[in-house]
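Protein chains in written order, with the working numbering: chain A, 129 to 411; chain B, 7 to 332. From the three backbone atoms N, C-alpha and C, an ideal C-beta is built for every residue, glycine too.
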């Protein structure tokens with residue numbers, strides 16, 4: 129036996145045969161154009177396949193939320209609420225909102241990477257509903273949001289989180305959070321289309337997401353803050369979202385906060401959906 | 007009367023102050039390979055992207071099989087397929103998954119999309135690699151998968167944007183064979199390239215573009231005869247004999263030498279006067295005259311005119327890349 133040869137040699141050299149290529153070119157009946165929903169779901173299937181091939185990308189919806197929950201519960205619990213168990217009842221819905229909202233920036237990253245690699249050229253040259261590729265990506269992201277929420281709920285339950293709203297309350301809270309995050313992701317999708325590199329998408333989203341999540345009612349009661357900061361916290365959409373999710377999980381839904389979140393969700397979609405599509409069509 | 011696949015009138019695309027495509031008038035007949043030849047930055051890719059509805063023109067009109075690329079973009083999309091310079095594939099997914107995805111997006115149901123994917127993988131010699139992620143494919147395999155994805159919808163017009171750039175010679179020949187097979191079954195192919203050789207091998211008509219404009223159009227034979235039969239390159243052993251060699255060769259070939267930075271090299275373009283055979287004979291006679299005069303040569307070649315020479319002949323400027331800083 130001679131020395132080992134490269135794996136390449138194991139495969140026979142491909143010689144294109146005109147007849148077999150001709151056979152696949154045979155003009156056959158073309159299927160009907162898929163509906164907007166079916167095209168979007170197909171792109172959602174792609175997102176799920178990508179999770180299967182690159183499971184590391186689930187780190188940010190599993191390990192990261194666990195770390196956040198543990199860190200802030202034990203860091204602030206004793207000082208802010210007397211005990212970590214007490215604090216957890218207050219913190220958990222908030223930390224869930226923070227983790228999931230932080231994850232929305234990956235929507236922008238994914239779009240930016242797709243464009244850089246040229247695969248969007250293929251999608252754009254197909255006769256399909258134009259927003260399908262973007263909507264499908266976001267459907268895959270919704271799956272990640274649900275996963276992150278479930279991980280945090282599980283960690284919370286183990287640490288002693290006992291929501292007054294029960295299973296239904298928690299499920300409703302997660303549902304609201306996921307719906308809002310889907311709408312919120314359009315902002316980053318738009319950034320992903322406009323900004324040049326994935327680094328700049330990351331930079332811009334961090335710049336917005338850090339103050340938005342920390343300067344809110346997630347960690348502490350806003351009444352302990354200076355007046356000017358309270359004013360900001362009051363108008364911060366994350367504050368309203370956290371209040372709504374807390375109210376659902378505790379079993380006392382706050383209709384005012386819920387309405388606010390639904391209006392914000394609709395407004396985000398109405399503004400950033402068309403803006404994103406405009407950027408997409410121009411690219 | 008053959009059908010017209012592409013017709014553009016005064017097509018324009020401007021990026022900032024760069025007129026990438028600047029009044030392009032192009033007519034491409036159906037059923038053959040049309041080669042678009044030009045250097046980097048000539049506007050080839052931009053023109054193809056407008057024709058494939060990926061870019062919106064800033065001026066002029068373009069029709070594909072009679073459909074306007076702006077007003078009837080969706081109709082055009084179902085008639086054309088584009089394989090770009092950079093693979094438009096999902097690197098993380100396997101070859102089969104990539105094809106199934108495109109099939110599903112075109113409206114095939116799952117079993118039909120799978121069957122279609124397998125059929126294409128087989129035809130393009132990728133069955134063994136079907137379950138591998140595309141990021142582990144070689145350049146040639148990637149290009150074949152890319153082309154097969156484009157053919158999935160049996161387009162009537164196939165755009166191939168520099169399909170062999172960056173490929174090794176074997177993969178390049180495979181792509182050439184694929185192009186010949188595709189066109190022999192009636193698909194129109196518009197191929198952009200930087201290589202005259204490639205256009206000559208595949209295309210029945212060639213359009214030469216430069217600075218966003220069509221500067222010449224015709225069959226490969228017409229184009230080459232406008233340039234000359236070829237170029238004689240001679241490498242001398244002794245650079246001191248260069249002047250004598252130039253004089254002898256110029257007289258024998260009836261052309262003046264092109265200045266060359268290498269002191270041991272003489273380059274002379276042979277004017278076109280009939281067939282290739284004529285040029286070769288002239289060259290042989292010229293070489294024997296060198297031998298008689300006692301001028302020793304180390305190397306000799308009679309080459310086909312290069313893209314640069316085509317450009318020199320057509321525009322009086324070489325095919326240089328466009329300066330980015332204007």
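Distance, Cα to Cα, residue i vs residue j?
i	j	result
residue 265/A	residue 108/B	15 angstroms
residue 288/B	residue 11/B	42 angstroms
residue 252/A	residue 88/B	11 angstroms
residue 52/B	residue 19/B	8 angstroms
residue 172/B	residue 193/A	44 angstroms
residue 352/A	residue 277/A	28 angstroms
residue 73/B	residue 86/B	11 angstroms
residue 243/A	residue 185/A	18 angstroms
residue 306/B	residue 17/B	44 angstroms
residue 299/B	residue 270/B	17 angstroms
residue 43/B	residue 204/B	9 angstroms
residue 202/A	residue 187/A	22 angstroms
residue 282/A	residue 316/A	28 angstroms
residue 142/A	residue 245/A	26 angstroms
residue 269/A	residue 175/A	8 angstroms
residue 165/B	residue 403/A	30 angstroms
residue 265/B	residue 39/B	36 angstroms
residue 390/A	residue 361/A	19 angstroms
residue 332/A	residue 98/B	26 angstroms
residue 114/B	residue 368/A	44 angstroms
residue 110/B	residue 347/A	46 angstroms
residue 374/A	residue 292/A	10 angstroms
residue 201/B	residue 177/B	16 angstroms
residue 172/A	residue 219/A	32 angstroms
residue 263/A	residue 308/A	15 angstroms
residue 131/A	residue 140/B	Its pLDDT being 48, under 50, residue 131/A is placed unreliably by the model, and nothing is read from it.
residue 174/B	residue 32/B	31 angstroms
residue 21/B	residue 267/A	34 angstroms
With the cut-off set at 8 angstroms, would you say residue i and residue j are in Cβ contact?
i	j	result
residue 255/B	residue 285/B	no
residue 241/B	residue 304/B	yes
residue 318/B	residue 222/B	no
residue 297/B	residue 258/B	no
residue 379/A	residue 294/A	yes
residue 157/B	residue 153/A	yes
residue 240/A	residue 329/A	yes
residue 213/A	residue 288/A	yes
residue 219/B	residue 66/B	no
residue 280/A	residue 224/A	yes
residue 36/B	residue 95/B	no
residue 229/B	residue 316/B	yes
residue 228/A	residue 305/A	yes
residue 208/B	residue 243/B	no
List the residues of chain A whose Cβ lies closer than 7 angstroms to the Cβ of residue i, in chain order.
i	result
residue 124/B	Under the 7 angstroms cutoff, chain A gives no residues; its nearest Cβ is about 10 angstroms from residue 124/B.
residue 184/B	144, 149
residue 131/B	142
residue 9/B	By Cβ distance, chain A contributes nothing, its closest Cβ being about 15 angstroms from residue 9/B, past 7 angstroms.
residue 73/B	In chain order: nothing, as chain A lies at least about 12 angstroms away.
Mind listing the chain B neighbours of residue i? Cutoff is C-beta to C-beta under 8 angstroms, in chain order.
i	result
residue 159/A	112, 113, 114, 115, 118
residue 402/A	The premise fails here: residue 402/A is roughly 17 angstroms from chain B at the closest Cβ pair, so nothing lies under 8 angstroms.
residue 291/A	Within chain B, no residue comes near residue 291/A; the closest Cβ sits about 38 angstroms away, beyond 8 angstroms.
Could you name the residues of chain B that residue i contacts, counting a contact when the two beta carbons are closer than 9 angstroms?
i	result
residue 170/A	107, 110, 111
residue 238/A	What residue 238/A touches in chain B: nothing, since even the nearest Cβ is about 11 angstroms away.
residue 433/A	Beyond the ends of chain A as shown, which are 129 and 411, falls residue 433/A; an answer cannot be given.
Identify the contact partners of residue i in chain B, using a Cβ-Cβ distance below 7 angstroms as the criterion.
i	result
residue 153/A	157, 160, 188, 191, 193
residue 167/A	111
Against residue i, what residues of chain A qualify as contacts under a CB-to-CB distance less than 8 angstroms, listed in chain order?
i	result
residue 60/B	249, 252, 253
residue 80/B	255
Identify each residue in the stretch 134-154 of chain B for which the Cβ-Cβ distance to at least one residue of chain A is less than 7 angstroms, and report them in chain order. 134, 139
Any chance the stretch 131-148 of chain B sits against the stretch 192-210 of chain A, with 3 or more Cβ pairs inside 8 angstroms? no
Name, going along the chain, the residues of the stretch 85-105 of chain B whose beta-carbon falls closer than 7 angstroms to a beta-carbon of chain A. 88, 90, 92, 93, 94, 95, 96, 97, 98, 99, 103
Residues of the stretch 243-260 of chain A with Cβ closer than 7 angstroms to any Cβ of chain B, in chain order: 245, 246, 247, 249, 250, 252, 253, 254, 255, 256
When the Cβ atoms of the stretch 226-238 of chain A are set against those of the stretch 352-363 of chain A, are three or more pairs found closer than 8 angstroms? no
Using a Cβ-Cβ cutoff of 8 angstroms, what residues of the stretch 176-187 of chain A are near chain B? List them in chain order. 177, 178, 181, 182
Just by C-beta distance, which residues in the stretch 161-182 of chain B are closer than 7 angstroms to chain A? 180
Count the CB pairs spanning the stretch 42-51 of chain B and the stretch 202-219 of chain B that are closer than 8 angstroms, and state whether there are at least three. yes
Just by C-beta distance, which residues in the stretch 372-395 of chain A are closer than 9 angstroms to chain B? none
Pull out every residue of the stretch 210-231 of chain B whose Cβ sits closer than 8 angstroms to any Cβ of chain A, in chain order. none
If the cut-off is 7 angstroms on Cβ atoms, which residues from the stretch 267-283 of chain A count as contacting chain B, listed in chain order? none
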